[in-house]
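Asks: Counting from 24, one number per residue, gives the positions in the sequence shown under my numbering. We treat Cβ as the ideally placed atom computed from N, Cα and C, and that holds for glycine. Can you read through this structure? Questions will come right after.
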Amino acid sequence: MKTPSANARPSLAAIARRLEVAFRADRTVTLKPQTALVVAVAVRAFAVQPTRDEVVRLICNQKAPCEGFCYPCIALANRISQLYAGERDGR
Ligand SMILES: [Zn+2]
Numbered sequence: 024m025k026t027p028s029a030n031a032r033p034s035l036a037a038i039a040r041r042l043e044v045a046f047r048a049d050r051t052v053t054l055k056p057q058t059a060l061v062v063a064v065a066v067r068a069f070a071v072q073p074t075r076d077e078v079v080r081l082i083c084n085q086k087a088p089c090e091g092f093c094y095p096c097i098a099l100a101n102r103i104s105q106l107y108a109g110e111r112d113g114r
């Protein structure tokens, strides 16, 4: 069986479990610097909620920004927005 090394990046699922256990026990949590960095990156990613139109502007391959957006980009942006909303399939 593989043993995780001391430098291995902590898994988000393991961190979340640990935080939930501490919450239920009404305990304060202290994070090691490497774990704190992982949590900071995850929280920052969680806080990002781009609008569908922002996603369209990012993914559209047209050289000039199009007024009405092209249909394939809107469809893809809708799927990406659904993923951000927690719908795993996004289709
Ligand atoms: Zn486009």
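Should Ser34 go down as buried or exposed, given a rule of 16 or more other Cβ atoms within 10 Å for buried?
Replies: The residue given as residue 34 occupies position 11 in the sequence shown. The residue is exposed, with fewer than 16 neighbouring Cβ atoms inside 10 Å.
Asks: In whole angstroms, give me the CA-to-CA distance for Ala63 and Ile38.
Replies: For the purposes of this step, residue 63 is identified with residue 40 of the sequence shown, where counting begins at 1. For the purposes of this step, residue 38 is identified with residue 15 of the sequence shown, where counting begins at 1. Spanning the two alpha carbons is a distance of roughly 12 Å.
Asks: Where does Val52 sit, in a helix, a strand or coil, going by DSSP?
Replies: Here residue 52 is taken as the residue at index 29 of the sequence shown, counted from 1. Three-state result, Val52: coil.
Asks: Under 8 Å: do the stretch 92-99 and the stretch 64-84 share three or more Cβ pairs, one atom per stretch?
Replies: Because the criterion of three Cβ pairs below 8 Å is met, the stretch 92-99 and the stretch 64-84 touch.
Asks: So, are the CB atoms of Val52 and Leu42 less than 8 Å apart?
Replies: By one-based count along the sequence shown, residue 52 stands at place 29. By one-based count along the sequence shown, residue 42 stands at place 19. Yes.
Asks: Do you know whose CA, among Ala36, Arg32, Ala108, lies nearest Thr74's CA?
Replies: As a first step, residue 74 is located in the sequence shown; it is residue number 51 there, counting from the start. The residue with the shortest Cα to Cα distance from Thr74 is Ala108.
Asks: Let's test the definition: count the other Cβ atoms within 10 Å of the Cβ of Ala65 and tell me whether it reaches 16, buried, or not, exposed.
Replies: For the purposes of this step, residue 65 is taken as the residue at position 42 of the sequence shown. So Ala65 counts as exposed.
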